[in-house]
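Below: the structure, in structure tokens.
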Amino acid sequence: MRIMTFNIQHCKNYISKKIDVPAVADAIALLGAEVVVLNEVYGAGAHPAYTAQAEELAGKLGYHFYFAPAIEFENEGPYGNAFLSRFPILEAQTVPVPTVPRNHPGYFEDRCAFRAVVESDKKRYTVIGIHFGLQPEEQEQCVKTVCRLIDDAVYPVILAGDFNVHPDNPLLEPIRQRLADCGELPGGDDLTFPSDAPKEKIDYVFCSRELTVKSVSVPQMVVSDHLPVVVEVE
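If you want the working numbering, it's the position in the sequence shown, counting the first as 1, plus 50.
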């Protein structure tokens, strides 16, 4: 099964700066991703430029989809994470991340995770997608949220998304105790941001250790401001 995580920056093309849903769909198709976790996805709302992006992407790919909005931006629309799957989505739910006191001037935003179950080759998998906040307090709540979902999972787990933290951040330790970072590559080849000259690894795919990682890549395609991460497991 080929997994992809991709912060699509609401389908805003990094080069043209225009909303370009087909370019994102083309990237997913080109990379052969079968299970896709997307961050920064808009739903249809007041802003005329933003359509139901998850549904539109799924339609172009012939995939199933689930949209997990975390927030409703005034004059724009619902915004959050999305899940695309070549395989039927047997169940899915949105899980809000608890909010924290916003008592300093840093940027805060409501966040959520999603949990979905898919079946491939008569095997079921739990897929968890999330987009961490920028503040350490938010990130800590994100870690607690996904760890609860991991601990409650019945099937092997795939966890993916934009975590907004570097690999050496101790906040990731509770996740590493539960799952393997299956997106690690030597020599800086796993850097994901910014896409045109990547300097940071902040996008991750983790999976249960019972799964075998067959391949890992960070394709150098400048579509969003992030690069995608593609992992094949069995």
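A virtual CB, placed ideally from N, CA and C, is assigned to each residue, including glycine.
Just so we're clear, the structure is a prediction, and the values are computed from it rather than from any experiment.
Range of the contiguous alpha helix (DSSP H) that encloses residue i
i, result
"Ala104", "Gln103 to Leu111"
"Cys192", "Pro186 to Asp202"
"Asp253", "Not the alpha helix (DSSP H): Asp253 falls in the beta strand (DSSP E), residues Asp253 to Cys257."
"Pro98", "Where Pro98 is concerned, there is no enclosing alpha helix (DSSP H), given that its DSSP letter is neither H nor E."
"Glu234", "It is not in any alpha helix (DSSP H) - Glu234 carries neither H nor E in the DSSP assignment."
"Val86", "Unbroken run through Val86 is the beta strand (DSSP E), Val85 to Tyr92; no alpha helix (DSSP H)."
"Arg228", "Glu223 to Arg228"
"Ala73", "Val71 to Leu81"
Spatial distance of residue i from residue j (CA atoms)
i, j, result
"Tyr175", "Asp201", "14 angstroms"
"Asp239", "Gln270", "10 angstroms"
"Asn153", "Glu187", "11 angstroms"
"Thr149", "Lys172", "38 angstroms"
"Tyr157", "Asn214", "13 angstroms"
"Gly183", "Glu284", "31 angstroms"
"Val86", "Ser267", "14 angstroms"
"Val193", "Leu229", "13 angstroms"
"His97", "Val196", "31 angstroms"
"Asn219", "Gly109", "38 angstroms"
"His216", "Leu261", "24 angstroms"
"Glu223", "Ser258", "15 angstroms"
"Lys251", "Arg226", "16 angstroms"
"Met51", "Ile121", "31 angstroms"
"Asp70", "Val263", "32 angstroms"
"Asn14", "Glu141", "It is not possible to answer for residue 14, since the shown part of the chain is limited to 51 through 284."
"Ser274", "Pro206", "29 angstroms"
"Pro155", "Arg136", "42 angstroms"
"Ile208", "Gly130", "19 angstroms"
Expected contact under 8 angstroms - CB spacing of residue i and residue j to nearest Å
i, j, result
"Gly93", "Pro128", "4 angstroms"
"Val74", "Ile53", "That belief does not hold up - the Cβ atoms of Val74 and Ile53 are roughly 16 angstroms apart, past 8 angstroms."
"Val272", "Ile78", "Between Ile78 and Val272 the Cβ distance is about 15 angstroms, and since that is not below 8 angstroms, they are no contact."
"Gly233", "Val168", "Actually they do not touch by this definition, with Cβ atoms about 19 angstroms apart."
"Val145", "Leu199", "7 angstroms"
"Tyr100", "His60", "7 angstroms"
Buried versus exposed call for residue i [16 or more other C-beta atoms within 10 Å across all chains shown]
i, result
"Leu277", "buried"
"Ser309", "Because the chain is modelled from 51 through 284, residue 309 falls outside the range shown and cannot be assessed."
"Pro119", "buried"
"Val204", "exposed"
"Ala210", "buried"
"Pro248", "buried"
"Asn125", "exposed"
"Thr55", "buried"
"Arg161", "buried"
"Asp333", "Within the shown structure, residues of the chain are numbered from 51 to 284, placing residue 333 beyond reach of any answer."
"Leu80", "exposed"
"Lys68", "exposed"
"Leu111", "buried"
"Leu235", "exposed"
C-beta contact flag for residue i and residue j at 7 angstroms
i, j, result
"Gln191", "Val255", "no"
"Tyr116", "Ala166", "yes"
"Gly179", "Phe243", "no"
"Val91", "Ala83", "no"
"His336", "Asp231", "Nothing can be reported for residue 336, as the shown portion of the chain is limited to 51 through 284."
"Gln189", "Leu221", "yes"
Residue range of the beta strand (DSSP E) that includes residue i
i, result
"Pro119", "His114 to Phe123"
"Ile139", "Ile139 to Pro146"
"Ile208", "Val207 to Asp212"
"Ala132", "Gly127 to Ser135"
Any non-hydrogen atom of the ligand FAD closer than 6 angstroms to residue i Cβ
i, result
"Phe56", "In the structure on display, the ligand FAD does not appear, and there are no ligands present to speak of."
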